[in-house]
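Protein chains in written order, with the working numbering: chain A, 26 to 137; chain B, 336 to 445.
Think of the CB as a built atom: it goes at the ideal place given N, C-alpha and C, for glycine as much as any other residue.
A quick note: this is a predicted structure, and the numbers were derived from the prediction, not measured.
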């Protein structure tokens, strides 16, 4: 089982560039999430979705946009990358709110 | 301010020793989850505790949910190098989204 797949695994960007991170899940989960993980700060929720066509802001949404056009995919976009967005990004999915989340293996993003 | 405070943040011990990791909050949670994360991978769920005072065992790992559902602990008996990793607790409060602690980075030395 693939579970949650994130692409790409690594990326280096220059300040001001844009990019999209892709997350795909094959578990038919309704809920999907994007987190960033920084040293000493655990996982912080950027945006989430409670179903196809829906998105909502999490704890740290500024500078990011998301889309959920298909149930299995959740895209995270950086419109104009900044060095403060250097982080490891994780996508997760769950059956419903509060249920255990299944995570991808992360995307390591560096903004120069 | 972290809603869930984990302690210690770093722990390095010898193989065979016992250890306890704590996850504390001033808020009440309807349930609490523990995850383990290894380098280069995403977190993987270990256990979910739901009832105040609940104790769950997973081989050498014992998880406890506080009576007031504000805190939890993870106790590892006879730690092994394979237990090395980042341990994360995460709490659920009603309809709100899962909130993670900052993690405890555990290293077990052979």
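Hey, is residue i's beta-carbon within less than 8 Å of any beta-carbon in chain A?
i                     : result
residue 383 (chain B) : yes
residue 366 (chain B) : yes
residue 399 (chain B) : no
residue 446 (chain B) : There is simply no residue 446 (chain B) to check, as chain B begins at 336 and stops at 445 in what is shown.
residue 427 (chain B) : yes
residue 344 (chain B) : yes
residue 420 (chain B) : no
residue 377 (chain B) : yes
residue 380 (chain B) : yes
Which residues in the same chain as residue i place their Cβ atom closer than 6 Å to its Cβ, once the five residues preceding and following it in sequence are excluded?
i                     : result
residue 96 (chain A)  : 77
residue 373 (chain B) : 420
residue 131 (chain A) : 113 and 115
residue 133 (chain A) : 35 and 113
residue 83 (chain A)  : 70, 71, 72 and 73
residue 425 (chain B) : 368, 433 and 435
Return no unless some Cβ of chain B is closer than 8 Å to the Cβ of residue i.
i                     : result
residue 125 (chain A) : yes
residue 130 (chain A) : yes
residue 98 (chain A)  : no
residue 115 (chain A) : yes
residue 90 (chain A)  : no
residue 57 (chain A)  : no
residue 73 (chain A)  : yes
residue 102 (chain A) : no
residue 53 (chain A)  : no
Leaving aside the five residues before and after residue i along the sequence, list all residues of the same chain whose C-beta is less than 8 Å from its C-beta, in chain order.
i                     : result
residue 371 (chain B) : 378, 379, 381, 420, 421, 422 and 423
residue 344 (chain B) : 437, 438, 439 and 440
residue 403 (chain B) : 363 and 387
Report yes if the C-beta distance between residue i and residue j is below 8 Å; otherwise report no.
i                     : j                     : result
residue 101 (chain A) : residue 46 (chain A)  : yes
residue 387 (chain B) : residue 401 (chain B) : yes
residue 347 (chain B) : residue 406 (chain B) : no
residue 125 (chain A) : residue 368 (chain B) : yes
residue 390 (chain B) : residue 383 (chain B) : no
residue 399 (chain B) : residue 408 (chain B) : yes
Tell me which residues share the same chain as residue i and place their Cβ nearer than 7 Å to its Cβ, disregarding the 5 neighbours each side in the sequence.
i                    : result
residue 54 (chain A) : 118, 119 and 120
residue 41 (chain A) : 105 and 106
For residue i, return the contacting residues in chain A, with the cut-off set at a CB-CB distance below 7 Å.
i                     : result
residue 437 (chain B) : 65, 66 and 67
What does residue i reach in chain B if we use C-beta pairs closer than 7 Å?
i                    : result
residue 78 (chain A) : Near residue 78 (chain A) there are no residues of chain B at all, since even the closest Cβ is about 19 Å away, more than 7 Å.
I want to verify the contact list: residues of chain B whose CB lies under 9 Å from the CB of residue i, in sequence order.
i                    : result
residue 70 (chain A) : 432, 433, 434 and 435
Name, please, each residue of chain A whose Cβ falls closer than 8 Å to the Cβ of residue i.
i                     : result
residue 423 (chain B) : 67 and 68
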